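Just below is one structure, and these are the notes that go with it.
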Amino acid sequence: MNFLLNEEQTLLRDSVRRYVKKEYSFANRLNYAASGEVNRQALEYMVSQGWMAAGLDENSGGFGGGILESCLIAEELGRAMPLEPYWALAMAPTALLSSLSTPSASTLLKNILDGNVVASPLIRGSVGKNESISAKKISATDMLITGAGGDVYGLNALSHILVVANIIDGNSIERGLFLVPINAAGLNLNSLTLLDESLSAKLALSEVLVSSDSLIATGDEVLAATQYAEHVAVLGLCSSAIGMMAAVIDNTVEYLKVRKQFNTAIGKFQSLQHRIADMKIAIEESRAIIHRAIAKTKCGDVGSVTAVSEAKYLVSKNSAFVAAQGVQLHGAIGLTEEFVIGHYFRALTVCSHILGTPYEHLRNLASNNDYFTID
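When the letters of the sequence shown are read in order and numbered with the working numbering, they come out as residues 348 to 722.
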């Protein structure tokens with residue numbers, strides 16, 4: 348694995364970092380969180396800069412990038428704790444649709460890249476959790492979708508949800524991917540404001556009427572594409588957490604330079620310097636395991652499931668450590684609503700507990716009979 352970025356990747360990372368610094372300040376985030384409004388300017392900018400297509404090859408409407416390029420964007424955006432999760436609104440849907448072979452998937456992918464549709468796939472609540480959603484044919488062109496389970500993220504920005512359901516036609520059952528409008532009759536969203544003030548929802552569908560035009564793909568490729576999209580979503584979430592950890596370290600270092608005790612900046616105390624060193628080690632560990640998981644997922648390695656769970660577990664563990672150290676090194680001010688460190692603590696806590704908690708991913712590793720085999 349090569350951890351060094353090439354020139355194009357470096358330019359991409361730097362451009363996102365400049366955007367975050369200039370346009371997505373902490374004050375702006377507080378305003379959007381308080382109002383509950385969507386930052387449409389941020390979404391439009393992501394579309395205009397081609398960031399939605401960063402992980403796609405040229406045949407899929409991208410610029411020849413891959414998962415790493417998308418994760419670089421997610422990491423830099425993570426520094427701003429965006430309320431519009433890039434991994435949910437860009438990485439997951441484009442990974443899902445680009446893995447499908449149908450014309451409908453290609454058309455929808457183009458609409459997402461152009462900003463005409465904002466869609467995110469329904470994501471399982473936890474590792475190995477298998478909710479049942481079914482679509483029953485009632486005519487040659489219409490179906491009724493019923494079922495519950497899974498989570499939707501970036502809720503207030505969405506126009507549609509991508510839902511996988513078992514299509515029941517008499518005695519036959521086939522898996523299908525549907526594009527369901529967010530305001531469809533019978534679609535119920537139990538909205539949740541998470542600890543970091545972002546919005547998610549639990550989905551329930553009660554005889555939601557959809558036409559054949561809403562059916563994007565069917566067959567075994569739907570399952571494979573969905574699993575791939577979930578892996579990409581986890582990697583994007585972990586990369587976002589790395590960006591938050593980097594911001595915690597930067598803010599903490601600056602605070603230690605100005606906070607004084609005994610007429611000396613506390614940043615000069617060796618014990619606190621060692622704390623910062625431990626935090627930096629944690630972030631480099633996280634980057635390394637993300638690179639490994641990206642490499643395995645990109646090439647379709649059979650160990651990609653294990654690699655993604657390893658990454659989510661370690662990044663969650665390191666996120667908790669870095670966030671706690673950041674708050675402790677700031678002292679009581681780190682817990683105030685007006686100071687940014689407490690918000691990073693909450694955002695990193697959310698990152699650790701969605702798309703599978705660290706314990707669920709650890710349990711996923713333990714269930715792999717070959718994982719602990721010693722040659």
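In this text, a Cβ means the ideal position worked out from N, Cα and C, and glycines have one as well.
Small disclaimer: the values here were computed from a predicted structure and weren't measured.
Contact under 9 Å by Cβ, residue i with residue j
i      : j      : result
Ser586 : Ile637 : yes
Ile470 : Val499 : yes
Leu505 : Leu436 : yes
Val527 : Val557 : yes
Arg522 : Gly494 : no
Ser651 : Ala635 : no
Val576 : Ala421 : Looking at the sequence shown, residue 576 is not Val but Ala. For Ala576 and Ala421, no; Cβs fall outside 9 Å.
Ser445 : Ser407 : yes
Glu431 : Ala389 : yes
Val697 : Leu541 : yes
Ala400 : Gly413 : no
Glu657 : Leu712 : yes
Met490 : Ser547 : no
Val569 : Val511 : yes
Ala588 : Ser545 : no
Ser486 : Asn513 : no
Gln672 : Arg606 : no
Ser372 : Gln396 : no
Leu539 : Ile529 : no
Opening and closing residue of the beta strand (DSSP E) in which residue i lies
i      : result
Met490 : 489–500
Ser481 : 480–484
Local Cβ density within 10 Å of residue i, reported as buried at 16 or more and exposed below that
i      : result
Thr644 : buried
Val474 : For Val474, the predicted model reports a pLDDT of 43, less than 50, meaning its position is unreliable and no value from the coordinates is stated.
Asn665 : buried
Asn477 : Note that Asn477 scores a pLDDT of 48, beneath 50, so its modelled location is shaky; the value from the coordinates is reported in the next line. The residue is exposed, with fewer than 16 neighbouring Cβ atoms inside 10 Å.
Leu429 : Here residue 429 turns out to be Pro, not Leu, going by the sequence shown. Classification for Pro429: buried.
Pro468 : buried
Phe692 : buried
Phe525 : buried
Glu416 : buried
Arg328 : Residue numbering for the chain in the displayed model covers 348 to 722; residue 328 lies beyond these limits and cannot be assessed.
Asn386 : buried
Ser663 : buried
Thr357 : exposed
Ala572 : buried
Leu359 : buried
Thr441 : buried
Segment limits, alpha helix (DSSP H) that includes residue i
i      : result
Asp567 : 567–605
Val367 : 354–370
Gly425 : 414–425
Ala667 : 651–677
Ala380 : 373–382
Thr449 : No alpha helix (DSSP H) contains Thr449, which DSSP labels as neither H nor E.
Val616 : Before going further, note that residue 616 is Phe rather than Val in the sequence given. Taken as a continuous stretch (DSSP letters only), Phe616 belongs to no alpha helix (DSSP H), as it is neither H nor E.
Gly689 : 687–700
Leu709 : 705–713
Residue i - partner residues in DSSP beta bridges
i      : result
Leu562 : Phe525
Ala512 : Gly523
Leu534 : Leu552
Val466 : The sequence as given places Ala at residue 466; Val does not occur at that position. His507, per the DSSP bridge assignment.
Gln608 : Thr611
Ser547 : Tyr500, Leu539
Val385 : Val385 pairs with nothing; no bridge assigned.
CB-CB length for residue i against residue j, believed under 8 Å
i      : j      : result
Ile508 : Leu550 : 7 Å
Leu702 : Ala670 : No, Leu702 and Ala670 are not in contact; Cβ-Cβ is about 18 Å, not under 8 Å.
Ile563 : Leu447 : 7 Å
Leu676 : Thr599 : 5 Å
Gly533 : Leu502 : Actually they are not in contact, since the Cβ atoms of Gly533 and Leu502 sit about 17 Å apart, beyond 8 Å.
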